[in-house]
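If you count the sequence shown from 1, position 148 lands on 148 in our numbering, and the numbers rise without skipping. To keep things clear, I will list the structure first and then write my remarks on it.
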Amino acid sequence: MPIPRSILTKADPSDLELSVVQGAWPSDVAGHMVISSSDQRSHPVHAFFGDGVLVRLSLTPGRDGRFAWRANVIDSPSVRLRRRRPDLFAAGPVGTNSPFGGVNAANTAPLPWGDRLLATWDAGRPIEVDPVTLGFVAEVGHRDDWAPVLDAPVLPSILTTAHPVIDPERGCLWSVTRDPVTGVLSVVRYDGEGAHVRRWPVEGARFPQATHTITQTRDWLVLADTAYKVDLAEVLGNGERTVANNPGGPLLMVRKDALDAAPPGTAVHGTVFRIAPEVNHFYATYDDSAGVRVVMEHTPGVDIGLYLREDDVDVFGRPVDPALRGMYCHGASPAVVTVLEFDPEGGTVTDVARLRDPGRYWQAELSALDWSFEGQLRPTRHHLVFQGFHPEAISARLLRNYGDRIDRSLFPREETPSVLASLERDSLKPLAEWAWPLDDYPTSPIFVPRAPGGPGRSRYAGAEPGGHDGYLAVVVHNDARFRVELFDAADVSRGPVATLAPSPGTVIPFMIHAAWMPEARPHDPSIERLRFADDLDERLDRLDPELRTLAREVAAEL
1 MPIPRSILTK ADPSDLELSV VQGAWPSDVA GHMVISSSDQ RSHPVHAFFG DGVLVRLSLT
61 PGRDGRFAWR ANVIDSPSVR LRRRRPDLFA AGPVGTNSPF GGVNAANTAP LPWGDRLLAT
121 WDAGRPIEVD PVTLGFVAEV GHRDDWAPVL DAPVLPSILT TAHPVIDPER GCLWSVTRDP
181 VTGVLSVVRY DGEGAHVRRW PVEGARFPQA THTITQTRDW LVLADTAYKV DLAEVLGNGE
241 RTVANNPGGP LLMVRKDALD AAPPGTAVHG TVFRIAPEVN HFYATYDDSA GVRVVMEHTP
301 GVDIGLYLRE DDVDVFGRPV DPALRGMYCH GASPAVVTVL EFDPEGGTVT DVARLRDPGR
361 YWQAELSALD WSFEGQLRPT RHHLVFQGFH PEAISARLLR NYGDRIDRSL FPREETPSVL
421 ASLERDSLKP LAEWAWPLDD YPTSPIFVPR APGGPGRSRY AGAEPGGHDG YLAVVVHNDA
481 RFRVELFDAA DVSRGPVATL APSPGTVIPF MIHAAWMPEA RPHDPSIERL RFADDLDERL
541 DRLDPELRTL AREVAAEL
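Spelled out as C-alpha cells, the structure:
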C-alpha cells in the first residue's frame with residue numbers, strides 16, 4: 001500500500017518539536033517554512049475542501065536543538081460560525097454550505113508578502129493571518145468588490161484563484177474573480193491597505209472552467225483556464241460525476257499599464273491564446289524584455305474534481321482502500337511540462353522546450369522556485385515533484401469519463417516512485433533527480449536561499465538568486481511518521497543532506513502548497529483592513545433572528 005493510509009488523518013493539528021534524525025543541519029539555513037493543509041476533522045466530502053490549516057516550521061533550531069512545528073486552524077468568520085452551530089453546515093462535492101453562505105476554506109496556499117502572510121483558496125477571498133500565531137487577521141476586500149458568484153446573508157461564494165501574485169514593483173496583489181455563467185473574468189488589485197479592492201472586467205475573455213493560477217512579468221498578467229470543472233448534476237445530487245476536464249483552453253494576457261490607466265469597473269483589453277494540454281500551475285520569468293516565457297506544468301489525465309469513493313475500483317479493477325476516500329484522482333497520463341513563449345503583439349506561441357518521459361515522470365504535482373524579485377527576474381532552476389504512477393488512486397470512473405484521452409498502453413506494470421527533479425529553467429533539461437521509496441509520499445517543496453538579504457539584495461534573495469544556490473525543503477508523508485527532508489538545490493541527486501522528524505508514529509494530513517519566509521513577525525495592527533463587521537448589512541435580515549445575533553457576536557469577537 002504505497003500511498004500512506006494516514007494521509008487523510010483526522011488527528012488534531014498540534015504543535016510539535018522536530019529533531020535531526022539524519023545528517024547534519026546546515027548552519028546557513030534560516031527562516032520559516034509555511035504550509036497550507038485541509039482540516040479533515042471538518043469531514044469534507046472531497047479532501048481538498050476542509051477548513052484551512054496553516055503550519056509554520058522554524059528552519060533554525062531552538063536552544064534545545066529542536067525545530068518548532070506550529071499548526072493552527074485559521075479561525076476565520078466561517079470557522080467561528082461553524083464552531084457555534086456545526087449542525088447548520090453541510091459538506092458537498094465542491095465545498096461546505098450553510099444558511100450563512102459558503103465556507104471560505106483558505107486551505108490551498110500560503111502567500112508571503114514581505115512580513116505579511118496570506119492564505120488562499122479558489123472559492124474565497126485571500127485571508128490574512130498573523131505569521132506568529134497563525135490566527136485570523138482579515139479577509140481581503142469587501143465582498144461586493146469581488147462580485148460574488150453566490151451572494152449570501154454573511155458568507156459569499158467568490159470564484160477567484162488560489163495563486164494570486166505579489167507585484168514586486170507596484171507593491172500590490174493581483175488576483176481575479178470570475179462569473180461561472182458567462183465566464184467573464186475580472187482582474188482584482190489590492191494595494192495592501194484599506195477595506196476595498198479594485199476590479200476591472202476583461203473584454204472578450206471567457207474561461208469555461210477555473211482560474212487556479214496567475215503569473216506575471218514586468219508588463220503583463222498571465223491567466224489560463226484551469227483543468228477543474230464542476231459537474232452541476234453531481235453538485236445537485238442528481239447523479240455521479242460524468243464530466244471531464246477540457247483538453248485545452250484559453251490563456252489570457254493583460255497589460256498592467258492598461259489596468260493602471262483605466263478607472264476601476266472599466267473594461268480593459270486582453271490578448272487571448274489557446275494552449276494544450278490542460279494545465280493547473282504555471283510560472284513566468286519576470287523579465288519580459290526578450291519575450292514572455294512561461295513554464296507550464298500541464299495536467300493531462302489528472303482530475304482534481306474527481307475524488308475517490310468507498311465503492312470505487314482502480315485502473316486494474318481492484319477495490320480502492322476506504323482509507324483513501326475523499327482523495328483526488330491521481331494522474332492517468334504521463335506528465336507534460338513545457339516552456340512556452342508568447343508574443344502578445346503578434347499573437348503567436350512558440351514551444352521552446354518540452355519534457356515528457358512516461359518511464360520516469362507521472363503527475364507533475366508541485367514545484368519550488370526562487371520567489372525573490374531577483375530570482376524571478378532571471379530564474380535558473382525549476383524544481384518539480386512528480387508524484388509517480390499510483391494505480392490505486394486512479395478511479396475506473398476517471399477512465400470512463402476520459403475515454404480515449406487516456407492511453408492505457410502507457411501504464412507502468414506497477415507503482416512507480418515519486419521523483420524530485422531539478423530542471424534547467426529554459427530548456428527543461430533534467431540536471432539532477434532523487435527518487436523516494438514507494439511508501440513515501442512527498443508534497444510541496446520550497447526553495448530556501450542561502451545567505452538571504454545581503455547588501456544590495458531584497459530580503460528574500462540569496463547570494464546567487466535563481467534557484468540553484470540554496471536548499472529545498474520537502475515534507476514527506478509516511479505511515480511510520482512524517483519527516484522534513486532538506487536537499488542541496490545544486491544537486492538533489494545526493495539525497496537529503498539532513499532530515500527532521502517528530503517522535504515515531506506521528507502523522508499529519510496531506511500538506512498542499514508551501515512557501516518560505518525569512519522571518520515570522522506579528523502582524524501590524526496599524527494597517528487598515530476590512531473588518532468582518534463591514535460585510536454585515538441588510539442581507540442579514542434573510543436569516544432567523546438567532547442566526548443574525550450569532551453573526552453579530554462573531555463580528556464583535558473579531
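Cβ atoms here follow ideal geometry from the backbone N, Cα and C, with glycine treated the same way.
Boundaries of the alpha helix (DSSP H) in which residue i is found, first to last residue
| i | result |
| --- | --- |
| Gln376 | 373-377 |
| Asn246 | Careful: Asn246 lies outside any alpha helix (DSSP H) and carries neither H nor E. |
| Ser78 | 77-84 |
| Pro322 | Segment: none, Pro322 is in no alpha helix (DSSP H) and carries neither H nor E. |
| Leu259 | 256-261 |
| Ala233 | 232-235 |
Beta-carbon gap between residue i and residue j smaller than 8 Å
| i | j | result |
| --- | --- | --- |
| Ala396 | Asp314 | yes |
| Pro250 | Val272 | yes |
| Asp491 | Ala451 | no |
| Val184 | Val268 | no |
| Asp559 | Arg255 | Lying outside 1 to 558, the shown extent of the chain, residue 559 is not represented and no answer is given. |
| Gly347 | Gln363 | no |
| Leu398 | Ala461 | no |
| Glu374 | Asp115 | no |
| Val165 | Val176 | no |
| Ser368 | Phe282 | Here the sequence assigns Ala to residue 368, which means Ser is not the residue at that position. No, they are not a contact pair. |
| Met253 | Gly270 | yes |
| Thr161 | Ile214 | yes |
| Asn104 | Ile127 | yes |
| His468 | Leu423 | no |
| Gly102 | Leu159 | no |
| Val352 | Phe386 | no |
Three-state secondary structure assigned by DSSP to residue i
| i | result |
| --- | --- |
| Pro437 | coil |
| Leu402 | At residue 402 the sequence reads Tyr, which differs from the Leu that was named. Correct three-state label for Tyr402: helix. |
| Ser593 | The structure shown does not extend to residue 593, since the chain is modelled only from 1 to 558, so the question has no answer here. |
| Thr549 | helix |
| Val129 | strand |
| Ala514 | strand |
| Ser427 | coil |
| Gly492 | Looking at the sequence shown, residue 492 is not Gly but Val. Here Val492 sits in helix by DSSP. |
| Arg529 | strand |
| Leu558 | coil |
| Arg356 | coil |
| Ser175 | strand |
| Asp351 | strand |
| Glu193 | coil |
| Pro391 | helix |
| Arg397 | helix |
| Arg542 | helix |
| Ser157 | strand |
| Arg47 | Residue identity check: residue 47 is Ala in the sequence provided, not Arg. Three-state result, Ala47: helix. |
| Arg274 | strand |
Beta-bridge pairing of residue i - partner residues as DSSP gives them
| i | result |
| --- | --- |
| Ile214 | Leu223 |
| Tyr307 | Tyr328 |
| Ala473 | Ile446, Leu486 |
| Trp69 | Leu16, Leu57 |
| Pro112 | Leu117 |
| Trp200 | Val187 |
| Val419 | Phe386, Ala435 |
| Tyr283 | Val295 |
| His269 | Glu203 |
| Asp144 | Bridge partners of Asp144: none, in fact. |
Bounding residues of the beta strand (DSSP E) (the contiguous stretch that carries residue i)
| i | result |
| --- | --- |
| Arg56 | 51-58 |
| Val294 | 292-298 |
| Val578 | Not covered by the structure: residue 578. The range shown for the chain is 1 to 558. |
| Ile35 | 32-39 |
| Ile166 | 165-167 |
| Asp64 | Unbroken run through Asp64: none, as it is neither H nor E. |
| Glu365 | 364-368 |
| Gly95 | 95-98 |
| Thr182 | First-last for Thr182: undefined, no H or E at that position. |
| Ala501 | 498-501 |
| Thr338 | 336-343 |
| Val137 | 136-139 |
Distance cut-off 7 Å: residue i Cβ against heavy atoms of the ligand ADP
| i | result |
| --- | --- |
| Glu464 | The ligand ADP is not part of the structure shown, which contains no ligands of any sort. |
* Asked: Is there contact here, the segment 525-532 with the segment 40-48, by at least three beta-carbon pairs under 8 Å?
  -> Short answer: they don't touch.
* To do: Count the C-beta pairs between the segment 497-504 and the segment 20-29 that are closer than 8 Å, then say yes if the count reaches three, no if not.
  => Taking one beta carbon from each stretch, the segment 497-504 and the segment 20-29 have 3 or more pairs nearer than 8 Å; the two touch.
* Between the segment 497-516 and the segment 464-482, do three or more beta carbon pairs fall short of 8 Å? -> Contact between the segment 497-516 and the segment 464-482 is established, with three or more Cβ pairs separated by less than 8 Å.
* Any 3 or more C-beta pairs closer than 8 Å across the segment 404-414 and the segment 319-328 -> Short answer: they don't touch.
* Does the segment 538-553 come close enough to the segment 56-66 that 3 or more CB-CB pairs lie under 8 Å? -> Verdict: no, contact absent.
* **the segment 132-152 contacting the segment 534-543, beta-carbon criterion three pairs below 8 Å** => Touching, yes.
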